[in-house]
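A.B. asks: Numbering (numbering that gives the first Met the number 0), first residue to last: 0 to 431.
Every residue, glycine too, gets a C-beta built ideally from N, C-alpha and C.
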Amino acid sequence: MKILLVGSGGREHALVWKMAQSPLCDKLYCAPGNAGIADVAECLDIAAEDQDAILKFTQENEIDFVVVGPEQPLVEGLASLLRDHNIKVFGPSKAAAQLEGSKGFMKDFCARHDIPTAAYARFKSLDKAKAYIEEIGAPIVIKTDGLAAGKGVIIAQSVAEAIEAVTDMLSGSTFGDAGTELVIEEYMDGEELSYFALSDGDAFVPLTSAQDHKRVGDGDVGPNTGGMGAYSPAHFMDDALEQKIIDTIIKPTVEGMKQDDMAFQGVLFAGIMVVKGVPKLIEYNIRFGDPECQPIMMRLKSDLVELLMATDTGSLSDYKDKIQWSNEHTLCVVMAANGYPASYEKGTPIKGCEALSEMPSVRLFHAGTMRDNSQTLVNTGGRVLGVVGIGDTVADAQHHAYAGVDKVEWPDGFCRRDIGWRAIKSQKEKAA
Ligand code: AMP
Ligand code: GLY
């Protein structure tokens, strides 16, 4: 098979690495890819958002299967376009992608299908939003309706802060059109985890869990980022909790989308808050998480191409209870450019990466990287490298990941030094 992957991040490097192991895979292309992906796939000068160019390349080169990594092209309808042209694709239709593309859509969907989530209301008017905030009080959560690259959520600790946030968002000054409609919702206090399942529109198969670290600083402080690290599985996951997540969130979502004539084909990534043992949906994403995908792919033993294909062809039920996972723990540390998530320099040289390929319990995934004219590896983005460690315990995985990080020579980059701290703390408490 000839496979085209769309995207350029660490998630995509992990997907391409895993797909390359499949006997079904003869040739891999990536639009546009990065320096790490270029070692496995032929990188194309086509942007992930350029639907026309992707369709044209796919048709002219007789691509058998297209895998879409990021949310933006899916929300803009790339999978629908390709399916309309009888091209097999991993990723939901434009209608189904609204689960991530519109918070208001997702909240109304949950209400219709009885899926547990925070109490909420939708607003376009500043006066009504202010009145609602004053009625509910703080803490309270304000979200832009549209995609805002993970930054459209404000957890306001006071009524004044909440009112300032809605005033700012509805004026369109911070988030443009994505912020002209808002969801305001109840603050949920609990432990957070991410859960992943594949769906072919009819059948679904559970994958596994992960946890990420969204804040930029050690101890989970500072501004939100796309994700500074992640590990799999989540430390407080057990069979009973997993079953509750499947029964109360995943199953009704797949059934509800089918009932609503928007059958969901692809990966459902549920952000979940476990409140006193009860899992509640924070948000849906309609693609793999980045960086969650990197540790998850390191644990997957089954053929990824077969699984992703089955979401398009409707044969996912063949894989029920058959997906194999390593029992080991995996943990990814993200290395980012100094200054991220605010402004940072591009084009700074990164050395030492070769050493990581000699380390059996470490794997390096590239995100915002390229090779310059002299073949030096340089950064092109804020999140630049993901170093994954694998081990019998999450502490071992962390140890290996940081041993890898310490080989990278990049004075213009930084990483958090405490990825996995909650899991390691709880492991120590259990052992004591
Ligand atoms: P999101 O961009 O929707 O993933 O939200 C970013 C983060 O905000 C989540 O990972 C949660 O930690 C937090 N969050 C979102 N909604 C709520 C809520 N209703 N209650 C508490 N925390 C929330
Ligand atoms: N790491 C969070 C996300 O991919 O949305």
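1. So if DSSP puts Gln264 in a beta bridge, which residue, or which two residues, is it bridged to?
2. Look at the alpha carbon of Pro410 and the alpha carbon of His398, and state the distance between them as a whole number of angstroms.
3. Tell me the DSSP secondary structure of Ile162 in three-state form.
4. Pick out every residue whose C-beta is nearer than 5 Å to a heavy atom of the ligand GLY: which are they, in chain order?
5. Examine the ligand AMP and report whether any of its heavy atoms sits within less than 8 Å of the Cβ of Glu191.
6. For Glu432, count the other beta carbons within 10 Å of its own beta carbon; 16 or more makes it buried, fewer makes it exposed. Which is it?
7. Ala269 and Tyr194: beta carbons closer than 9 Å?
8. Note down the Cα distance separating Gly313 from Gln50, rounded to an integer number of angstroms.
9. Just to confirm before moving on: does the CB-CB distance between Leu306 and Tyr318 stay below 9 Å?
10. Since I believe Gly351 is in contact with Lys406 (beta carbons under 8 Å), could you give me their beta-carbon distance rounded to a whole number of angstroms?
11. Under 8 Å: do the stretch 242 to 256 and the stretch 209 to 220 share three or more Cβ pairs, one atom per stretch?
12. Are Ile418 and Val74 close, meaning C-beta to C-beta below 9 Å?
13. May I ask you to check if the CB of Met187 is nearer than 8 Å to at least one heavy atom of the ligand AMP?
14. Give the list of continuous alpha helix (DSSP H) stretches no shorter than 4 residues that lie fully inside the stretch 11 to 67.
15. Give the straight-line distance between the Cα atoms of Glu180 and Asp126, rounded to the nearest whole angstrom.
16. How far does the alpha helix (DSSP H) with Met297 in it extend, from its first residue to its last?
17. Is it the case that the CB of Glu70 approaches a heavy atom of the ligand AMP more closely than 8 Å?
18. Pop quiz: Val215 and Pro222 are said to be a contact at Cβ under 8 Å. What is the actual Cβ separation, rounded to whole angstroms?
19. Are the CB atoms of Ala394 and Val332 within a distance shorter than 9 Å?
20. Taking the alpha carbon of Ala110 as the point to measure from, which residue in Ile248, Pro294, Gly276 has its own alpha carbon closest?
21. Does DSSP classify Arg370 as helix, strand or coil?
22. Looking at C-alpha atoms only, which residue of Ser21, Cys24, Pro22, Ala13 is the closest neighbour of Asn33?
23. Determine contact between the stretch 135 to 154 and the stretch 99 to 107, defined as no fewer than three beta-carbon pairs at a distance below 8 Å.
24. Which residue wins for smallest C-alpha separation from Gly226, given the options Phe235, Asp219, Lys213, Val220?
25. Look up Ser7 in the DSSP assignment and say whether it is helix, strand or coil.
26. Alpha carbon to alpha carbon, what distance is there between Met187 and Ile135?
27. Please give the ranges of any alpha helix (DSSP H) in the stretch 369 to 420, keeping only runs that are unbroken, at least 4 residues long and fully inside the region.
28. For the ligand AMP, I want to know if Glu282 counts as a neighbour, meaning its beta carbon is within less than 8 Å of at least one of the ligand's heavy atoms.
29. Tell me which same chain residues have a C-beta within less than 8 Å of the C-beta of Glu48, skipping the five on either side of it?
30. Could you tell me whether the Cβ of Asn85 comes closer than 9 Å to any Cβ of chain D?
31. Would Lys17 and Met296 be called neighbours here (beta carbons separated by less than 9 Å)?
32. Does the Cβ-Cβ distance between Gln323 and Ser342 come in under 9 Å?
33. Extract the residue ranges of the alpha helix (DSSP H) inside the stretch 290 to 348, only unbroken runs of 4 or more that lie entirely within it.
34. How big is the Cα-Cα spacing for Phe122 and Val158?
35. Put Gly91 into one of helix, strand or coil per three-state DSSP.
36. I'd like to confirm something about Ala117: is its beta-carbon nearer than 8 Å to some heavy atom of the ligand AMP, or not?
C.D. replies: Quick answer:
1. Counting from 1 along the sequence shown, the entry for residue 264 is found at position 265. Gln264 pairs with Asp199.
2. Within the sequence shown, numbered from 1, the residue matching residue 410 stands at position 411. Within the sequence shown, numbered from 1, the residue matching residue 398 stands at position 399. Answer to the nearest angstrom: the Cα atoms are 21 Å apart.
3. Against the sequence shown, residue 162 aligns to sequence position 163. If DSSP states are grouped into helix, strand and coil, Ile162 belongs with the helices.
4. Asp211, Gly226, Gly288, Asp289
5. Position 192 of the sequence shown holds residue 191. Yes, since a heavy atom of the ligand AMP falls inside the 8 Å radius drawn around the Cβ of Glu191.
6. The displayed coordinates of the chain run from 0 to 431. Any statement about residue 432 would go beyond what the structure contains.
7. What you label residue 269 is simply residue 270 of the sequence shown in a count that begins at 1. What you label residue 194 is simply residue 195 of the sequence shown in a count that begins at 1. Yes.
8. Against the sequence shown, residue 313 aligns to sequence position 314. Against the sequence shown, residue 50 aligns to sequence position 51. Whole-angstrom Cα-Cα distance: 24 Å.
9. Taking the first residue of the sequence shown as 1, we reach residue 306 at position 307. Taking the first residue of the sequence shown as 1, we reach residue 318 at position 319. Their beta carbons are under 9 Å apart, which means Leu306 touches Tyr318 by this criterion.
10. Counted from its first residue, the sequence shown places residue 406 at position 407. Counted from its first residue, the sequence shown places residue 351 at position 352. The pair is a contact, with the Cβ atoms about 5 Å apart (cut-off 8 Å).
11. no
12. Taking the first residue of the sequence shown as position 1, residue 418 is located at position 419. Taking the first residue of the sequence shown as position 1, residue 74 is located at position 75. In this structure, Val74 does not lie closer than 9 Å to Ile418 by Cβ.
13. Translated into the one-based positions of the sequence shown, residue 187 becomes position 188. Checking the Cβ of Met187 against the ligand AMP gives yes.
14. 50 to 59
15. For the purposes of this step, residue 180 is taken as the residue at position 181 of the sequence shown. For the purposes of this step, residue 126 is taken as the residue at position 127 of the sequence shown. Going by the C-alpha atoms only, they are around 13 Å apart.
16. Here the question's residue 297 lines up with position 298 in the sequence shown. Unbroken alpha helix (DSSP H) run through Met297: 292 to 298.
17. Here the question's residue 70 lines up with position 71 in the sequence shown. Result no, Cβ not under 8 Å from the ligand AMP.
18. In the sequence shown, the residue the question calls residue 215 occupies position 216. In the sequence shown, the residue the question calls residue 222 occupies position 223. Their Cβ separation, rounded to whole angstroms, is 5 Å, which keeps Val215 and Pro222 in contact under 8 Å.
19. Taking the first residue of the sequence shown as position 1, residue 332 is located at position 333. Taking the first residue of the sequence shown as position 1, residue 394 is located at position 395. Contact: no.
20. As a working mapping, residue 110 is identified with position 111 in the sequence shown. Residue Ile248 is the option with its Cα nearest to Ala110.
21. For the purposes of this step, residue 370 is identified with residue 371 of the sequence shown, where counting begins at 1. In the structure shown, Arg370 sits in a strand (DSSP, three-state: E or B).
22. What you label residue 33 is simply residue 34 of the sequence shown in a count that begins at 1. For Asn33, the nearest C-alpha among the options comes from Ala13.
23. yes
24. Here residue 226 refers to the residue found at position 227 of the sequence shown. Checking every option, the nearest Cα to that of Gly226 belongs to Lys213.
25. Residue mapping note: residue 7 aligns to position 8 of the sequence shown, counting from 1. If DSSP states are grouped into helix, strand and coil, Ser7 belongs with coil.
26. Indexing the sequence shown from 1 puts residue 135 at position 136. Indexing the sequence shown from 1 puts residue 187 at position 188. Cα to Cα, the separation comes out at about 13 Å.
27. 393 to 404
28. Taking the sequence shown and counting its residues from 1, one reaches residue 282 at position 283. Checking every heavy atom of the ligand AMP against the Cβ of Glu282, one is found closer than 8 Å.
29. Residue mapping note: residue 48 aligns to position 49 of the sequence shown, counting from 1. The answer, listed in chain order, is Gln71, Pro72, Glu75.
30. Looking for chain D here will not work: only one protein chain is present.
31. If you number the sequence shown from 1, residue 17 lands on position 18. If you number the sequence shown from 1, residue 296 lands on position 297. For Lys17 and Met296, yes; Cβs fall inside 9 Å.
32. Residue numbering aside, residue 323 sits at position 324 when the sequence shown is read from its first letter. Residue numbering aside, residue 342 sits at position 343 when the sequence shown is read from its first letter. Contact flag unset, no.
33. 292 to 298, 303 to 312
34. Position 123 of the sequence shown, counted from the first residue, corresponds to residue 122. Position 159 of the sequence shown, counted from the first residue, corresponds to residue 158. Roughly 16 Å separates the two Cα atoms.
35. What you label residue 91 is simply residue 92 of the sequence shown in a count that begins at 1. The amino acid at residue 91 is misidentified as Gly; the sequence shows Pro. DSSP places Pro91 in coil when its eight states are reduced to three.
36. Locating residue 117 in the sequence shown gives position 118, counting from the first residue. Result yes, Cβ under 8 Å from the ligand AMP.
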